[in-house]
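J.: Chains as they are written, first to last, in my numbering: chain A, 2 to 535; chain B, 2 to 535.
Take a look at this one; I'll ask things after.
Okay, structure coming up:
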């Protein structure tokens with residue numbers, strides 16, 4: 002790196018990025034590009050001679066970058082920029098003491114803000130680590146649990162190992178099972194329904210475990226879900242607010258998929274019609290990837306007790322809603338996390354940190370290391386044996402790793418706890434306000450109780466005809482989204498097609514929520530009027 | 002993001018990073034920090050109130066960041082910065098057409114520069130994808146190969162699947178096997194020796210396969226290594242050039258490990274003494290992680306034919322030396338890559354791209370998707386079925402992904418092919434020059450033929466006493482590194498303790514190579530003088 006060359010060009014790039022954000026409101030809300038569009042704009046091969054940065058920046062249409070994600074912040078960006086500038090590849094303590102230790106410290110900080118049990122702190126046998134995504138977090142703990150179990154029951158027993166989760170669990174768990182060689186038929190996707198607000202019932206878990214034990218299978222892993230409803234919307238969607246005097250929009254492109262179509266229960270597809278509709282939609286804007294959404298907050302304490310008494314690993318996926326637990330009034334929802342072996346929260350979802358930054362805590366770091374180190378004996382040096390250092394390469398899939406703690410550190414320092422709490426509370430207030438608006442309109446119903454910042458609602462089915470209701474809400478969603486002013490997502494819960502309104506963008510204000518609701522009401526009125534004529 | 006707030010703070014950060022690079026020469030070459038040092042410099046918990054950026058930047062001692070990595074460039078940094086600024090999480094085409102398509106295009110560009118077979122281009126059934134690291138690259142293709150094989154032979158045959166590689170292969174393959182549930186005893190680490198310059202002999206592969214077939218095992222995966230010697234040095238080391246009038250240094254901290262101690266052949270540890278020494282060293286600077294290093298360039302064509310005739314997946318790991326193949330004169334070394342099912346090269350190693358950017362190409366993208374998609378049926382929308390779009394989430398472990406193609410795109414455009422070729426050729430010239438210096442000093446020998454930019458050499462053992470020679474070279478390494486002026490790494494090949502000199506830092510010049518050699522000669526003279534007195 003030549004320092005002055007870096008300085009000059011990086012200042013140019015800063016202005017390019019700032020101008021880009023400044024002009025965002027002039028962009029069309031929805032990119033209308035077709036597959037292959039970029040291919041037509043870019044030469045077929047790399048240039049032979051160098052180009053200048055100015056030339057490159059001048060050539061970039063903002064339309065190259067079709068979508069604008071939400072949950073970043075200046076603080077997160079600055080941290081990411083610093084990390085890129087330092088370009089440290091700190092896979093073990095010795096390769097970068099700073100990258101390793103800052104990560105330990107910042108994750109201890111965050112654990113304390115979340116009031117996680119002390120066992121999760123780096124000062125004991127556990128500790129935190131930044132993974133890229135929740136998918137990697139659940140994968141590494143699944144592997145640790147798998148190998149721990151196989152050590153107990155024999156390495157040829159892989160085909161007997163059973164994983165448990167509810168049908169509200171993110172499909173990342175299914176992918177982790179595929180990777181780890183868990184047999185698909187041993188992945189128990191336990192049904193939930195509205196009677197428990199789509200949370201996993203301890204009774205149904207206990208029953209499933211007992212059934213499996215009877216036929217000689219080995220339960221070894223339970224994944225509980227905390228706030229999965231939100232996790233879908235903010236995890237895998239891009240929510241953007243595009244404002245001008247005349248135009249505003251939430252751009253919510255949400256990606257979720259019914260576990261009915263996605264999980265082990267392939268043979269029970271209760272809603273072929275919905276499935277077809279969803280499949281159709283994948284060619285439009287809102288591809289569905291992930292899980293059925295609900296307000297599920299699994300009862301951690303009861304589930305944890307069952308897992309513990311069966312010698313199972315207990316993982317809590319709080320990827321999205323975990324952030325809310327920095328507010329004392331929401332911390333109660335993870336009561337029982339004391340029973341967990343591992344806990345995951347994505348700082349890149351609802352915590353103003355640029356992607357990627359998925360915080361994972363474990364109680365026993367040695368189980369991770371046993372699974373993911375290729376040289377456990379060899380690395381037993383004095384520092385490691387005395388538990389003096391952490392080599393994060395043995396806590397994750399890749400060997401190399403970026404200095405990701407910098408951005409979380411920037412967010413924590415530049416915001417401070419009080420502003421972060423204010424950020425969370427504001428979103429929840431806005432969602433509560435929207436919920437109130439829906440409740441006042443008797444044509445609609447709020448389908449599941451709102452806890453955090455997402456509201457599940459729908460037009461009530463005329464004459465209690467659920468089939469008709471599903472078609473109606475599907476049509477309403479299309480009508481709303483085709484305005485180009487607002488984009489909302491949907492899900493399917495207990496066979497009902499449901500609309501979802503999520504608040505997650507840093508710049509969202511009351512007026513945007515009100516205006517969004519007006520669009521929805523207008524479209525509902527028009528739709529119902531058309532129907533009554535037909 | 003508030004655009005003006007971003008602009009103001011990002012400009013400050015640019016100056017902080019540029020100043021940091023400018024002042025690098027004033028830093029001590031070696032950080033002398035102790036485990037836990039950062040803990041003492043940072044408060045125990047996150048701040049309650051926000052801090053200002055200026056406050057944070059003022060507080061940062063450069064000593065927070067103990068090491069300075071090498072293979073970044075202004076171009077790579079700018080690309081990473083733009084990616085952070087856009088914060089796009091483009092896991093499927095629809096979530097960011099730009100991120101998806103630019104990645105396809107840039108990897109097509111790079112494939113053409115490397116003259117990879119057309120099957121690897123995105124225009125056919127294959128295509129390229131950016132993984133974080135070579136570890137993830139080899140993992141995803143191993144999983145694809147595993148599941149393809151299990152589909153053929155039955156899902157309960159996992160314990161029969163066998164993986165083949167040489168003892169020069171990176172330990173990432175071992176980790177991938179662990180993750181994928183391949184039985185440790187089915188991971189064949191085939192011995193190499195100096196007779197083939199540590200390349201994998203097709204005969205020994207054929208023999209091993211035939212032996213396994215006889216006992217009912219199922220060979221399914223072969224990993225060939227291309228330029229592993231270099232891959233260690235640049236892959237997992239930080240090479241930094243710190244210059245001032247009085248002081249210069251290559252800072253090479255290399256991480257490699259003997260496969261003898263690391264692989265399946267745990268029972269044959271021919272060098273307990275060396276092992277002990279290495280283990281000791283892990284508490285010092287040069288932790289050993291990875292593989293035995295050699296000049297291994299496996300014979301791709303012959304190996305590929307064997308793999309093909311046995312229905313096996315053939316992966317080529319060219320993580321480091323692959324970069325050299327953009328020069329016509331080095332392209333011959335990957336002749337036979339036409340036989341490969343997958344090929345991996347790390348742009349973050351020797352291609353001026355900031356970490357992380359590991360390019361993987363496959364011939365049949367559907368095998369990856371079959372293994373790594375959780376919803377292959379569901380996502381069969383018109384665009385996907387017509388092969389119109391790529392959803393990269395199904396080519397990798399995580400779901401979310403960063404816009405990493407931007408930095409590779411910046412490097413390719415800001416340098417252009419001719420400068421990139423010049424960069425590679427310059428390093429190889431410098432290494433050749435160093436090789437010449439060593440050859441002229443009769444006390445030393447060059448141990449393996451140099452192909453790329455790494456020289457393996459040692460002090461000749463007095464009286465052909467190899468044991469003594471090993472101790473001597475180990476002592477020499479210590480003496481050289483303890484000058485604080487230069488840091489080199491070592492390896493063990495066929496029981497010989499060997500020193501390694503790698504050229505990989507963008508700023509390296511002839512004078513640095515000469516000066517480094519002077520240090521080595523001085524230390525050798527002093528050491529030999531001491532010995533003759535004793």
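Cβ coordinates follow ideal geometry from the N, Cα and C atoms, glycine included.
#1: Okay, do the stretch 171-187 of chain B and the stretch 410-422 of chain B touch, 3+ Cβ pairs below 8 angstroms being the bar?
#2: Which residues, in chain order, does the stretch 185-213 of chain B contribute to contact with chain A at a C-beta distance below 8 angstroms?
#3: Please report how far the alpha carbon of residue 341 of chain A lies from the alpha carbon of residue 120 of chain A, in whole angstroms.
#4: Specify, as a first and last residue, the run of the beta strand (DSSP E) that residue 219 of chain B falls within.
#5: What in chain A is Cβ-close to residue 403 of chain B, meaning under 8 angstroms?
#6: Quick one: residues in its chain with C-beta nearer than 6 angstroms to the C-beta of residue 395 of chain B, no 5 flanking neighbours on either side, listed in chain order?
#7: Under 7 angstroms between beta-carbons, which chain B residues line up against residue 150 of chain A? List them in chain order, please.
#8: Locate the beta strand (DSSP E) running through residue 166 of chain B, then write down its first and last residues.
#9: Could you have a look at residue 371 of chain A and say whether DSSP puts it in helix, strand or coil?
#10: Using only CA atoms, which one of B/10, B/498, B/202 lies nearest to residue 304 of chain B?
#11: Check whether the Cβ atoms of residue 398 of chain A and residue 136 of chain B sit closer than 8 angstroms, and answer yes or no.
#12: Pick out the complete alpha helix (DSSP H) segments inside the stretch 317-343 of chain B, 4 residues or longer, and give them in chain order.
#13: Going by alpha carbons, who is nearest to residue 310 of chain B out of B/86, B/325, B/220?
#14: Against chain B, does residue 94 of chain A count as a neighbour if the rule is that its beta carbon must be under 8 angstroms from one of theirs?
#15: Hey, is residue 468 of chain B's beta-carbon within less than 8 angstroms of any beta-carbon in chain A?
#16: Expressed to the nearest angstrom, what Euclidean distance is found between the alpha-carbon atoms of residue 523 of chain B and residue 133 of chain A?
#17: With H, G and I counted as helix, E and B as strand and the rest as coil, what does DSSP make of residue 497 of chain B?
#18: Identify whether residue 20 of chain A lies in helix, strand or coil by the three-state DSSP scheme.
#19: State the Cα-Cα distance for the pair residue 46 of chain A and residue 461 of chain B, rounded to the nearest angstrom.
#20: Helix, strand or coil: how does DSSP classify residue 10 of chain B here?
#21: How would you list, in chain order, the residues of chain A whose beta-carbon sits under 7 angstroms from the beta-carbon of residue 15 of chain B?
#22: Could you have a look at residue 191 of chain B and say whether DSSP puts it in helix, strand or coil?
#23: Would the stretch 510-519 of chain A and the stretch 427-444 of chain A be scored as touching if the rule is three or more Cβ pairs under 8 angstroms?
#24: Have a look at residue 467 of chain B and residue 407 of chain A and give me their C-alpha separation to the nearest angstrom.
#25: Are the beta-carbon atoms of residue 163 of chain B and residue 147 of chain B separated by less than 8 angstroms?
#26: Should the stretch 35-45 of chain A be regarded as contacting the stretch 33-44 of chain B, the criterion being three or more beta carbon pairs within less than 8 angstroms?
#27: Would you mind stating whether residue 317 of chain B and residue 227 of chain B have Cβ atoms separated by less than 8 angstroms?
#28: Hey, quick one: how far does the beta strand (DSSP E) through residue 106 of chain B stretch, first residue to last?
#29: How many angstroms separate the CA atom of residue 213 of chain B from the CA atom of residue 160 of chain B?
#30: Assuming residue 495 of chain A contacts residue 200 of chain A (C-beta within less than 8 angstroms), just tell me the rounded distance between them.
#31: Given a threshold of 16 other Cβ atoms within 10 Å of its Cβ, counted over all protein chains shown, does residue 464 of chain A qualify as buried or as exposed?
#32: Thinking C-beta only, is residue 117 of chain A closer than 8 angstroms to residue 315 of chain A?
#33: Helix, strand or coil for residue 346 of chain B, going by three-state DSSP, please let me know.
#34: So if DSSP puts residue 74 of chain A in a beta bridge, which residue, or which two residues, is it bridged to?
#35: Relative to the alpha-carbon of residue 489 of chain B, which residue among B/149, B/514, B/528 has its alpha-carbon at the smallest distance?
#36: Quick check on the DSSP output: what are the complete alpha helix (DSSP H) runs of length 4 or more inside the stretch 437-503 of chain B, in order along the chain?
T.: Checking against the coordinates, here is how it stands:
#1: no
#2: none
#3: 10 angstroms
#4: 219-226
#5: Within 8 angstroms Cβ-Cβ: 356, 357.
#6: 370, 373, 374
#7: The premise fails here: residue 150 of chain A is roughly 12 angstroms from chain B at the closest Cβ pair, so nothing lies under 7 angstroms.
#8: In the DSSP assignment, residue 166 of chain B falls within the unbroken beta strand (DSSP E) covering 162-167.
#9: helix
#10: B/202
#11: yes
#12: 329-332
#13: B/220
#14: yes
#15: At a cut-off of 8 angstroms between C-beta atoms, residue 468 of chain B does not count as an interface residue with respect to chain A.
#16: 46 angstroms
#17: strand
#18: helix
#19: Looking at the two C-alpha atoms, the distance is approximately 49 angstroms.
#20: helix
#21: 8, 11, 12, 15
#22: strand
#23: Contact between the stretch 510-519 of chain A and the stretch 427-444 of chain A is present, because at least three Cβ pairs lie under 8 angstroms.
#24: Spanning the two alpha carbons is a distance of roughly 47 angstroms.
#25: At least 8 angstroms separates the beta-carbon of residue 163 of chain B from that of residue 147 of chain B.
#26: no
#27: Using a Cβ distance threshold of 8 angstroms, residue 317 of chain B and residue 227 of chain B count as a contacting pair.
#28: Here residue 106 of chain B belongs to no beta strand (DSSP E); instead the alpha helix (DSSP H) covers 98-114.
#29: 13 angstroms
#30: Separation of the CB atoms of residue 495 of chain A and residue 200 of chain A is rounded to 14 angstroms, and the pair is thereby denied contact status at 8 angstroms.
#31: exposed
#32: no
#33: strand
#34: DSSP, once it has assigned bridges, lists no residue as partnering residue 74 of chain A.
#35: B/514
#36: 467-482
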